[in-house]
Amino acid sequence: MRVSGWAVHLATRALAESMDIRSMIHLVRRLIRNYDIYERTGFSDKMSIPNKDAAAQIVRDMRDSELLLEFIIMLIDVHQNGMAGKKYRIPYLREIVNEIEKSGLIYDQESRLFFEDPRVRRTINWGVLRELEEYIFTFVRLDIVGNTNLVRQNPEEVIQTTYSDLRSIVQTAIEKRNGRIWNWEGDGGLAAFYFSNRSIHAVLSAMEIIHELYIYNLLGCRLNKPLRVRIAVHSGPCQFRHNFEDIKSDTIKKIMELESKYTRPDSITVSKSVFHMLNQTLEERLQPTNYGENTTCYSYQLKWES
Amino acid sequence: MEVAVFSDSAAIKKCFDGIKKSRVYKLLFFPSGELKKKVKTIEKGAIIYVDIDRYGIPERDKVLKYLSKLDGYRYGIVDGRGIIGDIPSLFFNGASDYIGKEMLKEGMTFPRLKKAVSFRTLESDAGAVEAPVSKIQNYIISGSDWQGIKPGKEYTFCFMYIELENQTALKDNLSDSQISSVMNSFKKFIERSVAPLEGRLWIWNDFGGLILFPFDGERCNAILACFRLVLSRRIYCVEELGFDISFNYRIALYIGNTVYKMKGDTGTIVSDSVNSIFHLGKKYVKPGNFYLTEEVFRFSPQGLKKCFLPTGSFEGQKIMRMRLPM
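Taken in sequence, the protein lines are chains A and B.
Reading the first sequence from the start, the letters are residues 1008 to 1313 in my numbering.
Reading the second sequence from the start, the letters are residues 621 to 946 in my numbering.
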């Protein structure tokens, strides 16, 4: 993600005006362990480097290593929480964040991360995740019940339209909560959530899909029977890859298993790891289900008064 | 309702431009030669228009015979070159509409299509929206949007009453500023929910108020909006209201008349309908429920009707309530 020249300039001034060289080096070594300011600037280690020069070199190196966003996040953290027991006042942070937001990123205070503004673009890594890095995600896995029979029993055009409608329902529910659809095979797929409250957003998305599908079956479904899905929600580590086929993840294997083996039609199965990240209002809506010694899950189904 | 047109002619497609943006009719175009193949994909009760020009004489008679025996659909004939000699026989054999040369130039309109649809009743129309038995003798149609509505004039609207429940519990558990924050979020959330369907917040009190929807005599968009509000209440509470407390609200829908005045200028409104909806909402609707009058119910989308149960009467009208999700 390209950061504007003005943001680079402001970051340099912010660094130069807020800390001494020693603090700067302490900070930058959180990202580049063996960072040597003398080697980078060409100054002898017997000379003192002017603050401005050191700051300019550090910010340039951060930019060239594509670590500038992470560095700015650290500056925000230092401004709020201090560093090594000392308080720092970092100037121009609001202007720096505003400048970065102009390039299509939003700063999320809670997760302390930048991510792409969904009104500008939607990429599967939110514009910030790196290939081969491992992150903690919450996944939503959805599958159409009885797909093979539906395809056999309904005209192709009806199937295409219906499955396209389902895709729209899923996409709306997922993307409005800043999730991303990583894989879609026509009869189901996988979506990922990464930022703050990812598990809450994932469960709410799944609930919305169930509710909207209920309305769709009442009002618009042209199949010979209602369209039904199974949905599972699970959280865990996963190495990010741009190409979904290259991802090898136990978390994804687990969610596929949860969906296919433990989820009834028209319901959501939520794993224990996700359940414990929900708030009370959502927890109250989920029913615990034991599937043997090591598998406790929680399920949600739309039920109506009789 | 679907309107399916079987034609390869650009002129015929253009003829239907007038109803392209209709929210009531869904326009579908199919190639001329695929009538028998595609008709299965069209919903029952639809009206099918067939361009008769593309068929030679023996084929034309077969197509007309096929259409006259087609069960569950209305049909109209598009005859741009005026080749049908005996037009009345089309209607004797079940047609609902005939578009000749002149009509083709003028173009299809919403009122014309409505007449064609209501020309013939099908079996599948049973249980569909019946002509409403209205408390109001004549609707003063306000339209499908706000364009023609002028302050100071009387119109028929669909009124939506909504009020947050548990007000005492909220006051006991939250500070004044927290309550203010919740109510502000609630109000903005309701505005966002109704705005796409032309709903407008009109009168707002501490914990709820009245939303107006323009009424065109054909449908009531508010029903589906309110259905969603109840179905997904917990989702909205978590996402929109910002506190980990289970909120609840009651909703009522009512069709009635009022002189329209701009928001903020409603203090002097004298309207039986406004009194009725407030009375229905505040005194009659049970907590957490969504009620609508039988008159509103008649405009409900067909598929949604089974989600409502009769629950008594109010001011001489039967009342229906939405079955609640558990």
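All residues carry an ideal CB built from backbone N, CA and C; glycine is no exception.
Computed from a predicted structure; not experimentally measured.
Report the partner residues of residue i according to the DSSP bridge assignment.
{"i": "R1237/A", "result": "D1150/A, S1274/A"}
{"i": "V625/B", "result": "F649/B, Y669/B"}
{"i": "E783/B", "result": "G828/B, R870/B"}
{"i": "R820/B", "result": "L832/B"}
{"i": "F712/B", "result": "According to DSSP, which records beta bridges pairwise, F712/B is partnered with nothing at all."}
{"i": "P945/B", "result": "W1311/A"}
{"i": "T913/B", "result": "I939/B"}
{"i": "C1304/A", "result": "S1278/A, T1296/A"}
{"i": "V698/B", "result": "D671/B, I719/B"}
{"i": "E1141/A", "result": "Q1246/A"}
{"i": "D706/B", "result": "In the DSSP output, where bridge partners are listed per residue, D706/B has none listed."}
{"i": "K1093/A", "result": "M1090/A"}
{"i": "F1078/A", "result": "Paired residue(s): none; F1078/A is not in a bridge."}
{"i": "F1200/A", "result": "T1145/A"}
{"i": "R1067/A", "result": "Beta-bridge pairing links R1067/A to no other residue."}
{"i": "I761/B", "result": "T776/B"}
List, in chain order, every chain B residue whose beta-carbon is nearer than 7 angstroms to that of residue i.
{"i": "T1302/A", "result": "Result: empty, since nearest Cβ-Cβ is about 26 angstroms, beyond 7 angstroms."}
{"i": "M1214/A", "result": "I855"}
Taking C-beta pairs closer than 9 angstroms, name the residues in chain B that residue i reaches, listed in chain order.
{"i": "H1086/A", "result": "Result: empty, since nearest Cβ-Cβ is about 26 angstroms, beyond 9 angstroms."}
{"i": "I1207/A", "result": "V858, E859"}
{"i": "V1165/A", "result": "K660, T661"}
{"i": "R1292/A", "result": "R854"}
Could you work out which residues of chain A lie near residue i, taking near to mean beta carbons separated by less than 7 angstroms?
{"i": "E663/B", "result": "R1229"}
{"i": "C840/B", "result": "Simply none; closest approach about 14 angstroms."}
{"i": "L851/B", "result": "H1218"}
{"i": "E859/B", "result": "L1211"}
{"i": "L924/B", "result": "L1225, L1226"}
{"i": "P921/B", "result": "L1226"}
Rank the options by C-alpha distance to the C-alpha of residue i and give the top, closest one.
{"i": "L1173/A", "options": "D1124/A, C1228/A, Y1142/A, T1130/A", "result": "C1228/A"}
{"i": "L1289/A", "options": "A666/B, V858/B, P678/B", "result": "V858/B"}
{"i": "R1020/A", "options": "R1036/A, Y1042/A, A1061/A", "result": "A1061/A"}
{"i": "A789/B", "options": "M723/B, S866/B, I782/B, K938/B", "result": "S866/B"}
{"i": "N953/A", "options": "T1048/A, M1284/A, I1032/A", "result": "Any property of residue 953/A remains undetermined from this structure, which presents chain A solely from 1008 to 1313."}
{"i": "N1185/A", "options": "K1279/A, S1025/A, R1205/A", "result": "R1205/A"}
{"i": "A1014/A", "options": "I1188/A, V1104/A, F1146/A", "result": "V1104/A"}
{"i": "M1054/A", "options": "I1028/A, E1192/A, D1273/A, L1136/A", "result": "I1028/A"}
{"i": "R1148/A", "options": "V1281/A, M1263/A, L1293/A", "result": "M1263/A"}
{"i": "D1068/A", "options": "M1090/A, I1044/A, K1059/A", "result": "I1044/A"}
{"i": "K660/B", "options": "E1182/A, Y1223/A, Y1201/A, E1163/A", "result": "E1163/A"}
{"i": "K791/B", "options": "I782/B, I799/B, Y759/B", "result": "I799/B"}
{"i": "E1006/A", "options": "V1236/A, K1094/A, E1140/A", "result": "What is shown of chain A runs 1008 to 1313, which leaves residue 1006/A out entirely."}
{"i": "I1083/A", "options": "G1134/A, I1065/A, L1022/A", "result": "L1022/A"}
Among residues of its own chain, excluding the 5 on either side of residue i, which ones have a beta-carbon nearer than 7 angstroms to its beta-carbon?
{"i": "E1077/A", "result": "L1038"}
{"i": "L1265/A", "result": "A1239, H1241, T1276, S1278, C1304"}
{"i": "Q937/B", "result": "K755, T913, E914, E915"}
{"i": "N1224/A", "result": "P1233, L1234"}
{"i": "V749/B", "result": "Low per-residue confidence applies at V749/B: pLDDT is 43, beneath 50, and the placement is therefore not dependable, though the value from the model is reported in the following sentence. R918, F919."}
Could you list which residues in chain A have their beta carbon closer than 9 angstroms to that of residue i, in chain order?
{"i": "P651/B", "result": "Going along chain A, no residue has its Cβ under 9 angstroms from P651/B, so there is no contact; the nearest lies around 13 angstroms."}
Keeping to the same chain, check which residues put their C-beta closer than 6 angstroms to that of residue i; ignore five residues upstream and five downstream.
{"i": "T1168/A", "result": "none"}
{"i": "A1180/A", "result": "S1212, E1215, I1216"}
{"i": "R1137/A", "result": "none"}
{"i": "S920/B", "result": "I843"}
{"i": "Y1201/A", "result": "F1144"}
Where does the unbroken beta strand (DSSP E) through residue i begin, and where does it stop?
{"i": "E1123/A", "result": "1120-1123"}
{"i": "N1297/A", "result": "1294-1297"}
{"i": "N1204/A", "result": "Unbroken run through N1204/A: none, as it is neither H nor E."}
{"i": "K938/B", "result": "937-942"}
{"i": "T950/B", "result": "Residue numbering for chain B in the displayed model covers 621 to 946; residue 950/B lies beyond these limits and cannot be assessed."}
I need the boundaries of the alpha helix (DSSP H) containing residue i, first residue and last residue.
{"i": "K808/B", "result": "796-814"}
{"i": "D1194/A", "result": "Careful: D1194/A lies outside any alpha helix (DSSP H) and carries neither H nor E."}
{"i": "Y856/B", "result": "853-860"}
{"i": "S1280/A", "result": "1279-1282"}
{"i": "P731/B", "result": "730-739"}
{"i": "Y880/B", "result": "Where Y880/B is concerned, there is no enclosing alpha helix (DSSP H), given that its DSSP letter is neither H nor E."}
{"i": "I1113/A", "result": "Premise fails: I1113/A lies in the beta strand (DSSP E), 1112-1115, not in any alpha helix (DSSP H)."}
Suppose the cutoff is 8 angstroms on Cβ atoms and the five residues either side in sequence are ignored; what does the same chain contact list for residue i look like?
{"i": "I662/B", "result": "E622, A624, L648, I668, Y693"}
{"i": "R943/B", "result": "C927, F928, L929"}
List, in order along the chain, the chain B residues whose C-beta lies closer than 8 angstroms to that of residue i?
{"i": "M1284/A", "result": "Near M1284/A there are no residues of chain B at all, since even the closest Cβ is about 13 angstroms away, more than 8 angstroms."}
{"i": "K1232/A", "result": "Per Cβ cutoff of 8 angstroms: no residues; K1232/A is ~14 angstroms from chain B at best."}
Can you name the residues of chain A whose CB is closer than 8 angstroms to the CB of residue i?
{"i": "L944/B", "result": "W1311, E1312"}
{"i": "P731/B", "result": "Ordered by position in chain A, no residue passes the 8 angstroms Cβ test against P731/B, which lies about 25 angstroms from the chain."}
{"i": "K660/B", "result": "P1162"}
Can you list the residues of chain E that residue i reaches, using a CB-CB cut of under 9 angstroms?
{"i": "V1236/A", "result": "Judged by its chain identifiers, the structure shown contains no chain E, and its protein chains are A and B."}
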